[in-house]
Amino acid sequence: MSLYYLQKLLYVLNREPKAQARFKDECEAVLAEYDLTDEEREALRSHDVGKLYVLGVNGQILMHFAAFCGIAWADYLQKMRDGTKDHGPVRAGVYTMTTGLDEKVAGL
Amino acid sequence: MSLVFAGVCSHAPGITARADLADPALRDPFYRHLDVMRQQIEAARPDALMVVAAEHFGNFFMNNMPAFAVGMADYYEGPIEDEAWLKIERRRIPGNADLSRRLITGLLDEVDVAYSEEWKFDHGISVPLHFLTPHYDIPIIPANINCQGPPLTPLHRAWAFGEAIRHAADALPERIALIGTGGISHWPATPDSGKINEAWDRDFLDRWSRNDRAAMTSYTNEETYRDAGQGGFEIRTFLSVAAAAGGKGEVQFYAPIPIFAVGCTVGIMSIV
Numbered sequence: 001m002s003l004y005y006l007q008k009l010l011y012v013l014n015r016e017p018k019a020q021a022r023f024k025d026e027c028e029a030v031l032a033e034y035d036l037t038d039e040e041r042e043a044l045r046s047h048d049v050g051k052l053y054v055l056g057v058n059g060q061i062l063m064h065f066a067a068f069c070g071i072a073w074a075d076y077l078q079k080m081r082d083g084t085k086d087h088g089p090v091r092a093g094v095y096t097m098t099t100g101l102d103e104k105v106a107g108l
Numbered sequence: 001m002s003l004v005f006a007g008v009c010s011h012a013p014g015i016t017a018r019a020d021l022a023d024p025a026l027r028d029p030f031y032r033h034l035d036v037m038r039q040q041i042e043a044a045r046p047d048a049l050m051v052v053a054a055e056h057f058g059n060f061f062m063n064n065m066p067a068f069a070v071g072m073a074d075y076y077e078g079p080i081e082d083e084a085w086l087k088i089e090r091r092r093i094p095g096n097a098d099l100s101r102r103l104i105t106g107l108l109d110e111v112d113v114a115y116s117e118e119w120k121f122d123h124g125i126s127v128p129l130h131f132l133t134p135h136y137d138i139p140i141i142p143a144n145i146n147c148q149g150p151p152l153t154p155l156h157r158a159w160a161f162g163e164a165i166r167h168a169a170d171a172l173p174e175r176i177a178l179i180g181t182g183g184i185s186h187w188p189a190t191p192d193s194g195k196i197n198e199a200w201d202r203d204f205l206d207r208w209s210r211n212d213r214a215a216m217t218s219y220t221n222e223e224t225y226r227d228a229g230q231g232g233f234e235i236r237t238f239l240s241v242a243a244a245a246g247g248k249g250e251v252q253f254y255a256p257i258p259i260f261a262v263g264c265t266v267g268i269m270s271i272v
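For the protein sequence lines, the chains are A and B, in the order given. So for the first sequence, my numbering puts the first residue at 1; every next one is plus one. So for the second sequence, my numbering puts the first residue at 1; every next one is plus one.
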């Protein structure tokens with residue numbers, strides 16, 4: 001489990017414009033610098049927000065990555081629901097979903 | 001001089017990011033009350049505004065997570081979020097390193113705070129400032145309580161931090177305004193976004209308004225997580241303001257606004 005490094009990569013990405021440019025231009029090189037599983041690398045590479053959510057990435061970190069990927073808010077929420085549906089409940093952390101898969105609390 | 005203003009408000013990013021999706025009948029009174037708070041802060045003529053926020057991995061990460069941190073720089077930058085997403089323009093925000101250093105020196109007599117000579121504001125500070133100091137003409141002293149990365153700062157220590165703020169501020173010649181930003185119950189950045197436990201919020205705000213230390217520090221983290229979500233951990237910021245101000249609180253506005261993902265709150269507290 002390398003959730004720590006998965007979140008560390010996203011933390012750096014979220015706060016450093018240079019890291020964002022590098023993630024776009026040399027994604028594989030960035031991914032190689034962190035102690036990640038293949039599953040985590042693939043989720044980052046494919047902007048799989050639903051999978052990252054299930055892997056336990058803190059929502060405060062993940063929502064920035066979603067914005068960075070150009071994912072609109074409603075789509076971000078849906079991707080997390082879809083991730084839970086496809087991969088099961090959140091595996092770590094305190095951002096587990098408590099509402100139903102079809103429940104849209106704020107209408108989104 | 002001393003502490004000249006104490007208040008609390010919400011800081012959820014949706015407050016600005018999703019402004020256009022909110023019902024104006026709910027949104028606009030909330031914005032108006034934030035503007036009333038702006039006027040109250042200005043009327044207090046502060047030399048600096050200390051913002052005790054629940055930082056969300058904008059600056060501090062689990063490689064070295066402080067229970068408390070206070071900024072000590074002449075300027076900061078924010079918001080860290082995508083500007084188009086948060087709908088707040090990134091900019092430089094004035095600080096006062098000398099004042100921070102003297103305040104932190106006082107705080108350290110009572111609480112082991114970390115200090116930071118650089119700080120990127122995230123929505124926890126940038127959203128309140130967007131409404132409260134829209135011209136960015138008041139030096140800011142940012143502070144963070146760890147409400148995100150367990151083990152969290154205990155509630156009684158958040159209280160002690162507030163007391164230390166009061167003592168340190170009272171020992172300075174400058175006029176310090178203080179706001180705490182955060183919670184109350186919410187499940188932010190999850191599929192639950194928009195879920196709000198209004199009964200829990202109102203009960204908490206009652207405890208806060210009475211400035212009932214025992215009642216405010218009695219929650220276990222498990223209870224808060226169950227009843228108020230991971231966002232509920234941010235009550236620590238409200239506790240620190242209550243401890244610093246010492247008087248009674250007045251909730252000037254409270255309304256659940258699901259699209260903003262929080263029970264939107266504006267409150268002031270008398271300083272005694």
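A virtual CB, placed ideally from N, CA and C, is assigned to each residue, including glycine.
Would residue 68(A) count as contacting chain B if we go by Cβ distances under 9 angstroms?
Taking the first sequence and counting its residues from 1, the one referred to as residue 68(A) is at position 68. Yes, residue 68(A) counts as interfacial toward chain B.
Could you spell out where the alpha helix (DSSP H) holding residue 24(B) opens and where it closes?
Against the second sequence, residue 24(B) aligns to sequence position 24. Per DSSP, residue 24(B) belongs to the alpha helix (DSSP H) from 24-43.
Ordered list of alpha helix (DSSP H) runs contained in the segment 97-133 of chain B, each at least 4 residues:
97-107, 123-132
If you draw a straight line from the C-alpha of residue 95(A) to the C-alpha of residue 37(A), how long is it?
Taking the first sequence and counting its residues from 1, one reaches residue 95(A) at position 95. Taking the first sequence and counting its residues from 1, one reaches residue 37(A) at position 37. Straight through space, the alpha carbons of residue 37(A) and residue 95(A) are spaced by roughly 21 angstroms.
Looking at residue 79(B): is its Cβ nearer than 9 angstroms to the Cβ of residue 122(B)?
In the second sequence, the residue the question calls residue 79(B) occupies position 79. In the second sequence, the residue the question calls residue 122(B) occupies position 122. Yes. Within cutoff.
Whole angstroms is fine: what's the gap from residue 13(B)'s alpha carbon to residue 89(B)'s?
In the second sequence, residue 13(B) corresponds to position 13, counting from 1. In the second sequence, residue 89(B) corresponds to position 89, counting from 1. Rounded to whole angstroms, residue 13(B) to residue 89(B) spans 13 angstroms at the Cα level.
Measuring only the C-alpha atoms, how far is residue 18(A) from residue 85(B)?
Along the first sequence, one-based indexing puts residue 18(A) at 18. Along the second sequence, one-based indexing puts residue 85(B) at 85. The straight-line gap from Cα to Cα measures roughly 19 angstroms.
For the segment 28-49 of chain A, list every residue whose C-beta sits within 8 angstroms of some C-beta in chain B, in sequence order.
none
Going by DSSP in three states, residue 236(B) sits in which element: helix, strand or coil?
Stepping through the second sequence from its first residue, residue 236(B) is reached at position 236. Of the three classes helix, strand and coil, the one that applies to residue 236(B) here is helix, per DSSP.
Output yes if chain A places a C-beta closer than 9 angstroms to the C-beta of residue 17(B); else output no.
To locate residue 17(B), count along the second sequence from 1; it is residue 17. Judged by the 9 angstroms Cβ criterion, residue 17(B) is in contact with chain A.
For residue 193(B), go through chain A and note every residue whose CB falls closer than 7 angstroms to its CB, in chain order.
As a working mapping, residue 193(B) is identified with position 193 in the second sequence. Ordered by position in chain A, the residues that pass the 7 angstroms Cβ test against residue 193(B) are 77, 105, 106.
Pairs of beta-carbons, one from the segment 76-84 of chain A and one from the segment 226-235 of chain B, closer than 8 angstroms: are there three or more?
Judged by Cβ distances under 8 angstroms, the segment 76-84 of chain A makes no contact with the segment 226-235 of chain B, as fewer than three pairs qualify.
Alpha carbon to alpha carbon, how far is residue 31(B) from residue 73(B)?
Your numbering for residue 31(B) matches position 31 in the second sequence. Your numbering for residue 73(B) matches position 73 in the second sequence. Each residue's Cα considered, the two are about 30 angstroms apart.
How far does the alpha helix (DSSP H) with residue 219(B) in it reach, from first residue to last?
Residue mapping note: residue 219(B) aligns to position 219 of the second sequence, counting from 1. No alpha helix (DSSP H) holds residue 219(B); DSSP gives it neither H nor E.
Taking the alpha carbon of residue 106(A) as the reference point, which residue from 47(B), 21(B), 27(B) has its own alpha carbon closest?
Along the first sequence, one-based indexing puts residue 106(A) at 106. Taking only the C-alpha atoms, the option nearest residue 106(A) is 21(B).
At a CB-CB cut-off below 9 angstroms, which residues of chain A make contact with residue 57(B)?
Here residue 57(B) refers to the residue found at position 57 of the second sequence. Listed along chain A, the residues sitting closer than 9 angstroms to residue 57(B) by beta-carbon distance are 7, 10, 11, 14, 15, 58, 60, 61, 64.
Find the residues of chain B that neighbour residue 81(A), judging by a C-beta separation of less than 9 angstroms, and give them in chain order.
Translated into the one-based positions of the first sequence, residue 81(A) becomes position 81. Correct list: 191.
Going along chain A in order, which residues have a C-beta closer than 8 angstroms to the C-beta of residue 65(B)?
Residue 65(B) sits at position 65 when you count from the first residue of the second sequence. Under the 8 angstroms cutoff, chain A gives no residues; its nearest Cβ is about 11 angstroms from residue 65(B).
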